[in-house]
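Quick note, the sequence shown lines up with residues 126 to 199 if you use this note's numbering.
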Amino acid sequence: MLSEIIEYFHQKKVLSISEIATWLNSNEEAVEGMLQILLRKKMIKPWRPACKSCSSSCASCNLVKTKYYQWISA
């Protein structure tokens, strides 16, 4: 599963937990565990999209309730 997640990050660069779970036909808890491994290895980092209504990352809208991660490893 981990290698499939890495491959998906190579394709998309920024993904939500729900996107990955859907793509793998898995549950979000299993995906979260795999993402923790990638976080510890500094291959991904948490990512917050800019709010479309205020153009900032204020964390006040529903968009930020979804966890996103960005690929940072070469």
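For every residue, glycine included, the Cβ atom is placed at its ideal position computed from N, Cα and C.
Its Cα nearest to that of residue 130, the residue 160 stands out among 154, 160, 152 and 153. DSSP places residue 143 inside the alpha helix (DSSP H), whose first and last residues are 142-149. Taking C-alpha positions only, residue 137 is separated from residue 196 by approximately 9 Å. The three-state reading of DSSP puts residue 169 in strand, counting E and B together. Annotated as distal: residue 139 and residue 149, with beta-carbon spacing of 9 Å or more.
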